[in-house]
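>
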Amino acid sequence: AMREIPTGTAYAVWVGIGAALTVVFAMVTGAEPLSVVKVLLVLGLVGCVIGLKLVSDAH
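For the sequence shown, position 2 matches number -8 in my numbering, and the numbering has no gaps at all.
1) Roughly how many whole angstroms lie between the Cα atoms of Val18 and Ile7?
2) List the whole-angstrom C-beta distance separating Leu35 from Ala9, where the pair is believed to meet the contact cut-off of C-beta under 8 Å.
3) Checking 8 Å against the spacing of the C-beta atoms, do Leu42 and Thr12 come in under that value?
4) Determine the closest residue to Ile40 out of Arg(-7), Pro(-4), Val3 and Thr(-3), with distance taken between C-alpha atoms.
5) Does DSSP classify Ile7 as helix, strand or coil?
If you want it as structure tokens, here you go:
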């Protein structure tokens, strides 16, 4: 993946994916309380990661 996008963008994408999956896993297993705000924030994070990837591909 890093052959096609800048290193900074690749790092942000992988960190964002890891953070989102960690929070989702914690909510599913019950280690983290589920709330609408947390779900919306994780969705926002995923949206930003997708946006970074799309903008990176355009250049």
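All C-beta atoms, glycine included, are put in the ideal place defined by N, C-alpha and C.
A quick look at the data gives this:
1) Approximately 16 Å between the Cα atoms of the pair.
2) The C-beta distance from Leu35 to Ala9 rounds to 7 Å, short enough to meet the 8 Å contact threshold.
3) Against a cut-off of 8 Å, the Cβ pair of Thr12 and Leu42 comes out as no contact.
4) Residue Val3 is the option with its Cα nearest to Ile40.
5) Here DSSP, grouped into helix, strand and coil, assigns Ile7 to helix.
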